[in-house]
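Protein sequences, first through last, are from chains A, B, C, D and E.
Going by numbering that gives the first Met the number 0, 149 is the number at position 150 of the first sequence; the sequence numbering is gapless.
Going by numbering that gives the first Met the number 0, 65 is the number at position 66 of the second sequence; the sequence numbering is gapless.
Going by numbering that gives the first Met the number 0, 3 is the number at position 4 of the third sequence; the sequence numbering is gapless.
Going by numbering that gives the first Met the number 0, 275 is the number at position 276 of the fourth sequence; the sequence numbering is gapless.
Going by numbering that gives the first Met the number 0, 570 is the number at position 571 of the fifth sequence; the sequence numbering is gapless.
These notes are about the structure you will find just below.
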Amino acid sequence: MLTAGEQSKTNTWEPRIVAFFCNWCTYTAADLAGVSRLRHAPNARIIRVMCSGRVDPQFILDAFSKGADGVLLGGCHPGDCHYMEGNYKALRRMRLLKRMLKDMGIEEHRFRLEWISASEGERIKTVINEMTEQVRTLGPLGLPKKFEEWDTEMEVLERTVNGKEEAVHA
Amino acid sequence: MPEKPKVTFYWCASCGGCEESVVDLAENILDVVAAVDIVMWPVAMDFKKKDVEAMEDKSILVSMINGAIRTSEQEEMAKLMRRKSQLVIAYGSCAHLGGIPGLANQFQREEILQYIFEESPSTVNPQKTRPERKVMTNGNAVTLPNFFNVVRALDQVIDVDYYLPGCPPTPKLLKQALDALLSGNLPEKGTVLAPDIALCDECPKKDTKPSDLKFTEFKRPHLVQIDSATCLLAQGIVCMGPATRGGCEGVCISGNMPCTGCFGPTSRVKDQGAKILSALASQVEAKDEKGIDATLATIPDPVGTFYRYGLPISLLRRKNF
Amino acid sequence: MQLPTQKSVQQDEAPQKIEKMKHVVRRIKFESELDLDFGERVAEKAYGQKLLSCIQCGTCSATCPLAHYMDYTPRKIIAMTREGFKEEVLNSLTIWLCASCYSCYVQCPRQIHITDVMYALKREAIQLGFHPKRLPIPILAQEFYKRVLKDGRNTESWLLISLYLRTNPFKMLKESILGLKLFLRGRLTIGKEHVKRRDQIHAILEHKKGGQPL
Amino acid sequence: MKYLSYPGCSLRSTGRAYEESIVAVFKALEIEYEELKDWNCCGATSYVSIDETDAFALAARNLALAELQVAEGTINLIAPCSACYLVLSKTERYLEDYPDVRTNVNAKLDKAGLHYNGRVEVRHPLDVLVNDYGLEKISKRVKYPLKGLKVASYYGCQVVRPFAKFDHSHYPVTMDKLVQALGAEPVDWPLKTRCCGGSLTGTTQEAGLRLNRLLLKEAQKRGADIMLTCCPLCQHNLECYQERINRIYQEEIDIPVAYFTQLIGVALGLSEKELGMQRLFKKPSLEKFMHPKGEMAHA
Amino acid sequence: MHNYEQKEAVRIGFYICHCGHNIASIVDVKAVAEYVKSLPGVVVSCEYKYMCSDPGQELIQKDIHEHSLNRIIVASCSPLLHEHTFRTAVEKGGLNPYYFQMVNIREDVSWVHTDAKAATEKSKDLARAAVQRVFHHKALETKHVKIHPDVLIVGGGIAGIHAALTLANSGKKVFLVERQPTIGGHMAMFDKTFPTLDCAACILTPKMSQVKNHPNITLWTYSEVTKVDGYVGNYKITIKRKPRYINEELCVGCMDCIEKCVYKEGKTPDEFNVGLSKRKPVYIPFPQATPQIVLIDPEACIEFKSGRCKKTCVEACDRKAIDFNQKEEMKEIEVGTIILATGYHTFDAKRVPFYGYGKYPNVYTSLEVERLVNASGPTGGELILRDGRHPKTVGIIHCVGSRDKNTNRWCSRTCCMYSLKLAHLLKEHTEAEVYNFYIDIRAAGKSYEEFYDKLLDENVHFIRGRVAEVSDWAVRSSEEGKLIIRAEDTMIGIVRRIPVDMVVLAVGMEPQSDSQDVRRLFNISCSTEGFFLERHPKLAPVDTFTDGIFIAGACQGPKDIPDSVAQAGAAAAQALTLIDTGEIELEPNTAFVVQDDCSGCRTCLTICPYNAISRDEAKQKAFINEALCKGCGTCVAACPSGAIKQNLFEDEMIFSEINGLLENTPVVCC
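Dropping the structure here:
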């Protein structure tokens, strides 16, 4: 059963997307989207890094574990990296990470790698809107809440098995 | 004669190897026994739960708990030991990281029970009988502990003071830890009692790793003739050494087996699996998606490979259902 | 065929006292007479095709093999749709004269899928009952639809017979010589073609089963 | 490579000669194919005027059936009629491009216990013969090169645009290259893809006939001995209304209109009956152009 | 895990900018400031109308002193715009500039969202992330590098020429590299220029010879840049000089060799006349070519093809300048700044087959017509069609390869005006009827509308309608033998067929076909269309995202001559500013290896694109050369034991940013 407060939170749930954008292409494209007033969903929060190659897979997992419903990584198109090959490194890592996320039960659409060049403001809009909608369809990932549930699992199970008997030291 | 410090060893979800490792102290164990009073060690001595319950809180100097937390009994005992002890050491990979039992976090409780009691090849159970939680025998209720859906490392259940890593910890590290305890020369709380540098630092094959390594294929150790003189990564074998804390002195590697990561990450890393993934993938040679995927496909089970010991303490902790 | 412009453009009710001038037609369109959302609705039905991005260059009209017969050129249809001239557009011959040759579709500099727009307008017209009565083109579409709905395949001879019956039975006589010639060469069949799994066809088109399409 | 064929309704009536000649030519060239089982009408240009999702679903049933018939890999589905070719390729393309269409159509297919996974590639026999089989192989098999025969290739509208990938949408050359491979001479004319009016000849004859008149006149003016088509409706329009056009517009048009497969068949030395020549209103007299290969060498 | 405790207590000042209405109309700045005040570590939190203004900056400086602030956060526009401004302000306030963090709530929030509540919430999240981030900030030292005063200019069209002269006149040394055998670019090919109708050659050639003779300009034609190393202030450039088979020092441009060539007539299409005439294997592009040096085309020359030519050209040259053994030569130079003025390419009209270019001989491109009406052109200025006739009617089709999503979607900006000019010239030369087929007439430059007026008065036909087809399909006898243009006259609403003798295709401007290669070579960006991308469309129109590289002319986008010249001047001024500053600051965002933590696993060595990481064999640890590191951070992400850190982007900073962004996430039941 949900309390009224929780219910209202459920009703107002909005997807949270953490976006790691490289300084030279994708972050600039986001600036361009701004300058061009290309309205899009307010669900993505951008973290600027110098290169998509700086994005440690830990950042993505950390974002999920802290409550992100989706993570977006944006870099320069292959061949266009400001640092020559950083985006290829990102691509290699993210191909493997994507597979691993799938094995860990994180739906495919929750993590996205996109090449967006400095001129593609329109693409920022499309990608963020599209991803917001995809994640919205998937619903909340809610890992922090799940962690909490897992840590109190004993309590829950004991209650169901032993009726009113309280768990020891819970 | 002043009372000897009280010590306990307790065994949760683990294989028992950690218990044996205590015996691996060999003749040193005599010094230990002489210096401390072991008040609980179920694998070796017949103390009962009620004996510990009867003790005063914080009356035990240190409890060494190995194994992950998988059942309600383990949780209950861990909490009991915590209450009675001044210090708790997570002993071995399972307590430290979740360990091999933690791999069960890729499945649901029901999937596991179903497999064990109904589907595994060695099981004949046409009635699909499952153990009852509560059974009456001779008028007495016998209760089985509850089997959790989630496997947890020790510090996800109780407060842990120190970690002794390894599957199992080496006698050398255990000796050092005990010496520190008995001398009262204790490091900062939360310390992992092993060097905070990756295994490569002490790897015997360190010098043979090239500086321009590019992977086109990963090989599984049982399918290749391993050259015992050369770095295993250089031979295309996934070795977790670069992302794993040192201290074992490369025992597996000396035995021609790659490091599988039992010492966990260094203090600077939050997620060992993500880090080794990042390091290995960065060195893949291919540049196009297809080529990259082809190379990476030669790692058939990334979760099982990169989180062999650390799934419960990884950032995602378990498979999301 | 009457030009819809004259019919649909509203005339102010002139005071009875003033004599109406026969040759002078007053033409004006008030904003209140338009269906302002019409353009967006049509755009949505034609895959969000950006009617709104049309720059009125006229390539569609110039490349259209049938533009000569149209009351409004395709370009005008787009402009009028955009601006909400719903009645004029849905009453126009243009949408029915479009033969789906896709010439404008491939040449449009804004990549507007004009053929799809025309289809969307045809559907809208049929649904709202706008098309000129007895105009054979929409009737052919309907007869074709019924035939396929029933058998899953079309038999050309039967389709033509039903078309002429509904539009102009005399034409059937006119066409009978051609029909005979075709028949003699084995190019017209009497037996009806149909698929085996008609149940699948009916399942796919479920909601229309047995009923009139319109 | 194995093909599935989708004849479509027209090839079972007005376009029978087209189907017969395709069968004969494919057999002679040893191109294997089988017919799509229990295919249904593609919906042509009419169905979409009534209900678009239904129209796509109807066409998609054929694609789904093709996947049932061929267990794996890409399926080449040959659709000889231009309308079928367009509708099936369009369906295939829109299903891929528009998720909404995909969802709606598959929901409908679902009700019939079908599903489409996107494995079909819709092909036109012209594309298959020229690009898969190859012109060189065709010309090697030619027994009677049609030397001196001037051919106006008429592609019509729907076979080249907008979903065809094998040729330019306004100035296609595939058929002309084929004509050359048969030893004949292609006529360059600007109306190769100008619409014949389609079903307008039946519904709005003034417009339909005038379009056909322009096409026929121009082909004749440019010296063509024969017009070749690759669509049953084009062939029907251009051939069967010639008499009426001459009567109404006081023209003197007299040009045979055949299927491109019929011409291939003639050059390969197949019999008139096999190629359905007797079904044409105006049988082209090709004998004078047919020079057996041996003779050519002497000439 | 690490202990992140700070030695000194963190005291944060947070400032949120209204940016007039730009931010404040969507984001409730007051609420954000109020909220941030409640966060741990925040001492000052306030809002201000324009933070980037002087009073805004002074506010920060005052607070640093009054409240002993040691971290500053400004929530305003993009850091790409004002990070430097605020860092400088913070430094003036006595604080290390890297204790500053910027939050983008304009480009990323107020300009792209319409829901005020969501925008305010997002701003709070971003602010909280910054607050948590600055706890981990450290004082860093700004690095400076000296600027080499020499400048490289690539491209010798009007933009490159103008930029070169501007810089050379101010005393800077300039290397001007042009890949064609002569400078002058497209402008040299034009007949007259709009709207003044003065002769292009008359105004261009004096500037060309100034370039040749300027003591500060090194002119290398028939040359290409092949390698670019280094960074702002210190670029190392490698230039390939293709062999002309003529000794440049010796040739005086007398052209005797051309006359004496064994070919009596030219056989190779003449590039300068767009193939409308033929040239010999030894040739000079056009009489005023600069430098005035001939060259030999080895593709056409008999000596090169067979080795058995009589070599009459060698005999003819008194100065023995012909050298068949000349080899390609590589030059290496050092410069501090670069101006790219690589120009454009005209649209290939064959890509729009509907207009019959290449199929019907009397269909011309506009560039061909420029040569055709030019007195020094292939016909001496007489307008003779390819079939030998003089045209009586001409159709000019606008927007060929412009404003068309099937080819190029942009407006090429110049075609309307040059079409008007050509209409005028054609009428003047032939008295033909001229029809312009246009979509819109764009005559927005100075005196351009007046020129349009003039053409209307000259009775040129203007038909508003994009042409669908040019063909020889005659329906009426009056159309026989003509080219028929089919278009809808959209003003009238009727499709028209207009028979003409000559069709002129007003082809648009495209990026050079190798613009992507050039972009990669110089490590700059391209816009979607392939034109070089400026740093800011309004405020930095000639800068690129790579410091020290500027762009001028049509390589940045379609441009006419006055705009190209203005932009070239601007690029020259930007280069001058850098040179005169003498040195430039570099971001200290380099990476370093924490020696005690490094296990020497060599992972980083294999992935650094700049070879900045080496291994200290004695210590068996990795070491990063700060001078070579460019701060991408890919080694940091790869280091499997977390032994490498990147200044300004340390793991802790990013983790705390992630945490800050998500901390307030409402817990939702699934």
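Every residue, glycine too, gets a C-beta built ideally from N, C-alpha and C.
Between the beta-carbon of E/V9 and the beta-carbon of E/R70, is there less than 8 Å? Against the fifth sequence, residue 9 of chain E aligns to sequence position 10. Against the fifth sequence, residue 70 of chain E aligns to sequence position 71. In contact: E/V9 and E/R70 (Cβ atoms closer than 8 Å).
Based on DSSP bridge pairs, tell me the residues matched to E/Y282. Residue numbering aside, residue 282 of chain E sits at position 283 when the fifth sequence is read from its first letter. Paired residues: E/L294.
Residue(s) in a DSSP beta bridge with E/T267: Position 268 of the fifth sequence holds residue 267 of chain E. BP columns for E/T267 point to E/R278.
Closer than 7 Å by C-beta to D/L10: which residues in its own chain qualify, once you throw out the five before and the five after it? Chain order, please. For the purposes of this step, residue 10 of chain D is taken as residue 11 along the fourth sequence, with counting starting at 1. For D/L10, where only same-chain residues beyond five positions count, the Cβ hits under 7 Å are Y17, E18, P79, C80 and P231.
Could you say which of A/S51, A/E147 and A/T151 lies nearest to A/K65 if we only look at CA atoms? For the purposes of this step, residue 65 of chain A is identified with residue 66 of the first sequence, where counting begins at 1. Cα-wise, what sits closest to A/K65 is A/E147.
Whether C/L139 touches C/L120 by CB criterion (8 Å): Locating residue 139 of chain C in the third sequence gives position 140, counting from the first residue. Locating residue 120 of chain C in the third sequence gives position 121, counting from the first residue. The answer is no: Cβ separation not under 8 Å.
With a threshold of 8 Å between beta-carbons, can A/T27 be considered close to chain E, or not? Mapped onto the first sequence, residue 27 of chain A falls at position 28. So, interface residue.
Per DSSP, what kind of secondary structure is E/D197 in: helix, strand or coil? Taking the first residue of the fifth sequence as 1, we reach residue 197 of chain E at position 198. Three-state result, E/D197: strand.
Those residues which DSSP pairs with C/T58 across a bridge: Here the question's residue 58 of chain C lines up with position 59 in the third sequence. Partner(s): none; C/T58 has no beta bridge.
Three or more C-beta pairs closer than 8 Å, one from the stretch 33-50 of chain E and one from the stretch 15-24 of chain E: is that the case here? yes
Of the residues B/R129, B/Q271, B/V223 and B/Y308, which one's Cα is nearest the Cα of A/I60? Numbered from 1 along the first sequence, position 61 holds the residue referred to as residue 60 of chain A. The identity of residue 60 of chain A in the sequence shown is Leu, whereas the question assumes Ile. The shortest Cα separation from A/L60 among B/R129, B/Q271, B/V223 and B/Y308 belongs to B/Q271.
Continuous alpha helix (DSSP H) assignments of at least 4 residues falling wholly in the stretch 8-95 of chain B: 16-22, 27-34, 48-53 and 71-83
Buried/exposed call for B/T128, threshold 16 Cβ in 10 Å: Locating residue 128 of chain B in the second sequence gives position 129, counting from the first residue. Exposed: under 16 other Cβ atoms inside 10 Å.
Could you pull out every residue in the same chain whose Cβ sits closer than 6 Å to the Cβ of C/R146, ignoring the five residues on either side in sequence? Position 147 of the third sequence, counted from the start, is the residue given in the question as residue 146 of chain C. Answer for C/R146: N153 and L158, listed in chain order.
Say whether chain A places a C-beta atom closer than 8 Å to the C-beta of B/E201. Taking the second sequence and counting its residues from 1, one reaches residue 201 of chain B at position 202. Cβ-Cβ to chain A under 8 Å: no for B/E201.
So what's A/R91 in DSSP terms, helix, strand or just coil? Within the first sequence, numbered from 1, the residue matching residue 91 of chain A stands at position 92. In the structure shown, A/R91 sits in a helix (DSSP, three-state: H, G or I).
Check the Cβ of E/K358 against every Cβ in chain C and list those closer than 9 Å, keeping chain order. Locating residue 358 of chain E in the fifth sequence gives position 359, where the first residue counts as 1. Near E/K358 there are no residues of chain C at all, since even the closest Cβ is about 17 Å away, more than 9 Å.
Span separating the alpha-carbon of E/Y354 from that of E/V474: For the purposes of this step, residue 354 of chain E is identified with residue 355 of the fifth sequence, where counting begins at 1. For the purposes of this step, residue 474 of chain E is identified with residue 475 of the fifth sequence, where counting begins at 1. Their backbone Cα atoms lie some 18 Å apart in a straight line.
Scan the stretch 275-305 of chain B for residues whose Cβ lies nearer than 7 Å to a Cβ of chain A and list them as they occur along the chain. L276, S277, A280, S281, V283, K286, E288, I291, D292, L295, P301 and V302
Between which two residues does the beta strand (DSSP E) containing A/M130 stretch? Position 131 of the first sequence holds residue 130 of chain A. That residue, A/M130, is in no beta strand (DSSP E); its alpha helix (DSSP H) goes G120 to L137.
Comparing alpha-carbon positions, which option in E/G444, E/Y437 and E/P390 lies nearest E/E430? As a position in the fifth sequence, residue 430 of chain E is number 431, starting the count at 1. It is E/P390 whose Cα lies nearest to the Cα of E/E430.
Tell me which residue opens and which closes the alpha helix (DSSP H) that D/Y93 is part of. Walking along the fourth sequence from the start, residue 93 of chain D turns up at place 94. Here the alpha helix (DSSP H) through D/Y93 covers S81 to D96.
Taking the alpha carbon of E/D471 as the point to measure from, which residue in E/G306, E/G464 and E/E479 has its own alpha carbon closest? Within the fifth sequence, numbered from 1, the residue matching residue 471 of chain E stands at position 472. That would be E/E479, whose Cα lies nearest to the Cα of E/D471.
What first and last residue would you give for the beta strand (DSSP E) that runs through E/F189? Position 190 of the fifth sequence, counted from the first residue, corresponds to residue 189 of chain E. Here E/F189 belongs to no beta strand (DSSP E), and DSSP marks it neither H nor E.
In terms of DSSP beta bridges, what is B/V283 paired with? Residue 283 of chain B sits at position 284 when you count from the first residue of the second sequence. Beta-bridge pairing links B/V283 to B/F214.
C-beta neighbour in chain B for A/S35, strict 8 Å: Counting from 1 along the first sequence, the entry for residue 35 of chain A is found at position 36. False, the Cβ-Cβ gap to chain B never drops below 8 Å.
With 16 as the cutoff for other CB atoms within 10 Å, does B/N145 come out buried or exposed? Residue 145 of chain B sits at position 146 when you count from the first residue of the second sequence. Classification of B/N145: buried, given that the 10 Å Cβ count is 16 or more.
Pick from D/S270, D/F162 and D/S12: whose alpha carbon is nearest that of D/Y143? To locate residue 143 of chain D, count along the fourth sequence from 1; it is residue 144. Selected option, being the one with the closest Cα: D/S270.
Should C/G178 be flagged as near chain D, meaning a C-beta pair shorter than 8 Å? For this step, residue 178 of chain C is matched to residue 179 along the third sequence. With 8 Å as the cut-off, C/G178 does not count as an interface residue toward chain D.
Proximity to E/G75 [Cα-Cα], best of E/K123, E/K91 and E/V41: As a position in the fifth sequence, residue 75 of chain E is number 76, starting the count at 1. The amino acid occupying residue 75 of chain E in the given sequence is Ser; Gly does not appear at that position. Measuring from the Cα of E/S75, the nearest candidate turns out to be E/K123.
Neighbourhood of E/I292 by C-beta distance below 7 Å, restricted to the same chain and skipping five residues each side: Taking the first residue of the fifth sequence as position 1, residue 292 of chain E is located at position 293. Answer for E/I292: R243, I245, E247, C250 and G252, listed in chain order.
What residues are listed by DSSP as bridge partners for E/K172? Indexing the fifth sequence from 1 puts residue 172 of chain E at position 173. Its beta-bridge partners do not exist; DSSP assigns none.
Is the CB of C/I113 under 8 Å away from at least one CB in chain D? As a working mapping, residue 113 of chain C is identified with position 114 in the third sequence. Chain D, which has no Cβ nearer than 8 Å to the Cβ of C/I113, makes this no.
Closer than 8 Å by C-beta to B/P186: which residues in its own chain qualify, once you throw out the five before and the five after it? Chain order, please. Translated into the one-based positions of the second sequence, residue 186 of chain B becomes position 187. Hits under 8 Å: Y161, A179 and L192.
From this set, D/T102, D/R122 and D/L113, which residue's C-alpha is nearest D/K89's C-alpha? Within the fourth sequence, numbered from 1, the residue matching residue 89 of chain D stands at position 90. The residue with the shortest Cα to Cα distance from D/K89 is D/R122.
What's the call for E/C201, buried or exposed, on a 16-neighbour Cβ count within 10 Å? Mapped onto the fifth sequence, residue 201 of chain E falls at position 202. With fewer than 16 other Cβ atoms within 10 Å, it is exposed.
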